[in-house]
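Student:
In UniProt numbering, the protein residues as written are 1 to 410.
Following this line, the structure appears as structure tokens:
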């Protein structure tokens, strides 16, 4: 990036010729000052009056041998372009490794002297590349490469400390702060950043912006779940999560972006919910579930259970009655077939004058029930397939007889 000037030493009005690595740059006529440009890439950023050659905006490819010829004489200049840089970049993350390069194009064996921050102390390494292990804030600052006491080039390192945060315990329904901060102010400019939570896809978070008018600040609209300061920021990038619920528990990531495409992220966990106050029955019952109060859902649920129960009972009763009707029809059919083979002779003898007690006689014949009332004595002749049952109310005696003859006398 610097400019170099080289002298030819030719007498005035002498024809001169400048070459770079044997490729023509300029041919200058001494008497007229006319210039003939050559094919070398140097001609695009060089100027000459014949006596001197100036090359600006030096690059590593401009290192090499420059020759000035005049009146049979030759003068040479060896140009070495030195560049100093850091890998992976001038902004480093704390505890990471880095390399400092002091490249001398065309002369890689030249030893250099490194001067380190904060006060330019000499570094032990004299090679063109030095390695820094696990950098800390002590490594931040200006590193200078010194070449033969005449040339010094520097690179400034910025060491970015890790973002800091902590796990958070909250009570359901409370607002809680999500902490994110740098341990100290850094020289490297913060250009952006953000919060995010992958498990809360419906929650919007603000973004960090750095503008000339407002400086570093949060930017966001319609953030019903998140609160943030509107003041200018420095090292603290906290936001507040409102009305925390159990579904909000999880991992939150804070990212800060620095100039030079370097970013740092830190992950914090929202967990360990404390037990809040016990809600009242009214609070529980009036809590909205999908836009409808809980008591309405409970009433609908109970009504549904009762209705289903009634339907089930009705179906079971109808099925039972149906089974009983089928069974009765089968039994009647069976009895009808049986009764067709039965013959009965009944002889009843009644003496009205000597009446004492009323007898209640049940005579079962097939599926029909017939009742007969007698006075005092009776005599029955039965077949083998017919039964007679007698109930005497006064004596609470009940007996049955099947087939043959039955005689009773009180």
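Positions of the beta carbon are idealized from the N, C-alpha and C atoms, including for glycine.
Quick caveat, the model's predicted, so the values are computed rather than measured.
Quick test of your reading: residue 249 and residue 223, contact by CB under 8 Å. State the CB separation rounded to the nearest angstrom.
Tutor: The pair is not a contact, with the Cβ atoms about 20 Å apart (cut-off 8 Å).
Student: Are residue 156 and residue 145 touching if we call contact CB-CB under 8 Å?
Tutor: no
Student: Leaving out five residues before and five after residue 97 in sequence, what residues of the same chain have Cβ atoms less than 6 Å from its Cβ?
Tutor: 133
Student: Considering only DSSP beta bridges, list what residue 36 is partnered with.
Tutor: 27
Student: State the start and end residues of the unbroken beta strand (DSSP E) segment that holds residue 211.
Tutor: 207-211
Student: In the DSSP output, which residue or residues are listed as bridge partners for residue 249?
Tutor: Note: residue 249 sits in no beta bridge, so no partner.
Student: DSSP on residue 219, reduced to helix/strand/coil?
Tutor: In the structure shown, residue 219 adopts extended strand secondary structure according to DSSP, grouped into three states.
Student: Does the segment 101-114 come into contact with the segment 84-92, if we say contact requires no fewer than three beta-carbon pairs (one atom in each stretch) closer than 8 Å?
Tutor: yes
Student: Consult DSSP for residue 323 and reduce its assignment to one of helix, strand or coil.
Tutor: helix
Student: Return the residue from the list 31, 49, 2, 63 that minimises the CA-CA distance to residue 20.
Tutor: 63
Student: Using a 10 Å radius around the Cβ and a threshold of 16 neighbouring Cβ atoms, would you call residue 198 buried or exposed?
Tutor: exposed
Student: Around the Cβ of residue 268, are there at least 16 other Cβ atoms within 10 angstroms (buried) or fewer (exposed)?
Tutor: Counting Cβ neighbours within 10 Å, residue 268 comes out buried, since at least 16 surround it.
Student: Identify which residue in 143, 226, 165 has its Cα closest to the Cα of residue 174.
Tutor: When the alpha-carbon of residue 174 is set against those of 143, 226, 165, the nearest one is in 226.
Student: Are the Cβ atoms of residue 263 and residue 254 separated by less than 8 Å?
Tutor: no
Student: Taking the continuous beta strand (DSSP E) assigned at residue 193, which residues delimit it?
Tutor: 190-196
Student: Going along the chain, which residues of its own chain have a beta-carbon closer than 8 Å to the beta-carbon of residue 216, five neighbours each way excluded?
Tutor: 190, 208, 209, 210, 232, 233, 234
Student: Using the Cα positions of residue 308 and residue 317, report the straight-line distance between them to the nearest angstrom.
Tutor: 14 Å
Student: Going by beta-carbon coordinates alone, are residue 70 and residue 140 separated by less than 8 Å?
Tutor: Their beta carbons are not under 8 Å apart, which means residue 70 does not touch residue 140 by this criterion.
Student: Tell me where the beta strand (DSSP E) around residue 57 begins and ends.
Tutor: Element bounds for residue 57: n/a, residue is neither H nor E.
Student: On a CA-only basis, which of 39, 47, 22 is nearest residue 33? Give me that one, please.
Tutor: 47
Student: Can you tell me the Cβ-Cβ gap for residue 192 and residue 237, rounded? I've got them flagged as a contact below 8 Å.
Tutor: So it is not a contact: roughly 11 Å between Cβ atoms.
Student: Which residues in the same chain as residue 7 place their Cβ atom closer than 6 Å to its Cβ, once the five residues preceding and following it in sequence are excluded?
Tutor: 52
Student: Span of the beta strand (DSSP E) holding residue 4?
Tutor: 4-7
Student: If you follow the beta strand (DSSP E) that residue 77 is in, where does it begin and where does it stop?
Tutor: 73-79 is the extent of the beta strand (DSSP E) around residue 77.
Student: Would you call the CB atoms of residue 90 and residue 158 closer than 8 Å?
Tutor: yes
Student: Tell me the DSSP secondary structure of residue 412 in three-state form.
Tutor: No information on residue 412 is available, as it lies outside the stretch 1 to 410 that the chain covers here.
Student: Could you check the C-alpha separation between residue 306 and residue 293 for me, to the nearest Å?
Tutor: 21 Å
Student: Rounded to whole angstroms, how far is the Cβ of residue 126 from the Cβ of residue 113, which I believe are closer than 8 Å?
Tutor: That pair is a contact at about 6 Å.
Student: Are the beta-carbon atoms belonging to residue 419 and residue 3 less than 8 Å from one another?
Tutor: Because the chain in this structure spans residues 1 to 410, residue 419 falls outside the shown range and cannot be described.
Student: Just verifying my parser: in three-state terms, what is the DSSP assignment at residue 265?
Tutor: The answer is strand: DSSP assigns residue 265 an E or B state.
Student: Go through its chain and collect everything with a Cβ distance to residue 218's Cβ below 6 Å, but skip five positions before and after it.
Tutor: Here residue 218 has 206, 228 as same chain residues with Cβ atoms under 6 Å from its own Cβ, once five neighbours each way along the sequence are excluded.
Student: Between which two residues does the beta strand (DSSP E) containing residue 64 stretch?
Tutor: 64-70
Student: Residues in its own chain within less than 7 Å of residue 40 by CB, not counting five upstream and five downstream?
Tutor: For residue 40, where only same-chain residues beyond five positions count, the Cβ hits under 7 Å are 20, 23, 24, 25.
Student: Under the three-state reduction of DSSP, which class applies to residue 138: helix, strand or coil?
Tutor: helix
Student: With a Cβ-Cβ cutoff of 8 Å, do residue 110 and residue 147 count as a contact?
Tutor: yes
Student: Tell me the DSSP bridge mates of residue 300?
Tutor: According to DSSP, which records beta bridges pairwise, residue 300 is partnered with nothing at all.
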